[in-house]
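Each position in the sequence shown, counted from 1, maps to that position plus 70 in our numbering.
For glycine and all other residues, C-beta sits at the position ideal for the given N, C-alpha and C.
Below is one structure, written out as structure tokens; the observations come after it.
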Amino acid sequence: MISQKQLRFVVKPIVFVACLLPAALIVTDTFGLTGSLGANPIEEILDRFGILGIQFILIALAVTPLRQLTGWTQLARFRRMLGLFAFFYVFMHFLTWLVLDRGLAWQDILEDIVKRPFITIGMIALVLLIAMAATSFNRLRQRMGRRWQKLHCSVYAVGVLGVWHYWWQVKADALEPAIYASILTALLGYRVYKRRKRRNPREAVLATQ
Ligand code: HEM
């Protein structure tokens, strides 16, 4: 077991820096320091931030099952940080689209949001993520009580919308979104199973026999 001090001053900063590394790599690749962004740099940046967004959503969703399966309770201390990184990467993905891809052309932007369903879905997911990030502080959590729990349960909806958004715009090979969809299904399935077990412990035991 890691001490509270080690967790706060060693492990958490290491995890924080590790989570920031993919963003740093996008920046250094943009300036040709570590690699390149290829023939279509804007699309590459957009896609990389999008993929990181979905990955961090799934990582944040995996914290509770991992904590319960391994018994390592300290994992819960990383959930907020990982959730905020999911928000950060999705927001960077959105900003890339807004500024670099659409060039802040508001008429086109509104049309895209209304007329392209995969973008509408992405926007709904982003709004939910913004609400969760804005209420992620302890003081607000205490003040909101059960409403906080309900709002933060929407992370599952964000996962579903994110994968759906990804799948919808894939042109040829759907293997990658299918992998993310399978991981999400497993995480959601685990949560449903746990909930049923809590409501009816006997039924859940019989289901595993
Ligand atoms: C939870 C929210 C979101 C997630 C997880 C997400 C994730 C993704 C992923 C994984 C991709 C595909 C990357 C690839 O092809 O390698 C993508 C593409 C894209 N996303 Fe999102 N996204 C989200 C929200 C948004 C929002 C809010 C917008 C804009 C309003 C947006 C606009 C786009 C666009 C324009 C593409 C590229 C489509 C293309 O290549 O033709 N996304 N997104």
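Asked                                                                                                                    : Found
H222 beta carbon near ligand 1 (any heavy atom closer than 7 Å)                                                          : no
Under 8 Å between C-beta atoms of I183 and T190                                                                          : yes
Short Cβ contact (8 Å threshold) for G153 with S224                                                                      : no
F119 burial status per 10 Å Cβ neighbour count (16 or more: buried)                                                      : buried
7 Å CB neighbourhood of W167 in its chain, flanking five on each side removed                                            : L116
Cβ neighbours of A242 in the same chain (closer than 7 Å, five flanking residues each side left out)                     : none
Short CB-CB distance (under 8 Å) between R269 and chain B                                                                : Although the question refers to chain B, the structure presented lacks it and comprises just one protein chain.
Cut-off 7 Å between Cβ atoms - residues of its own chain near R147, not counting five sequence neighbours on either side : L77
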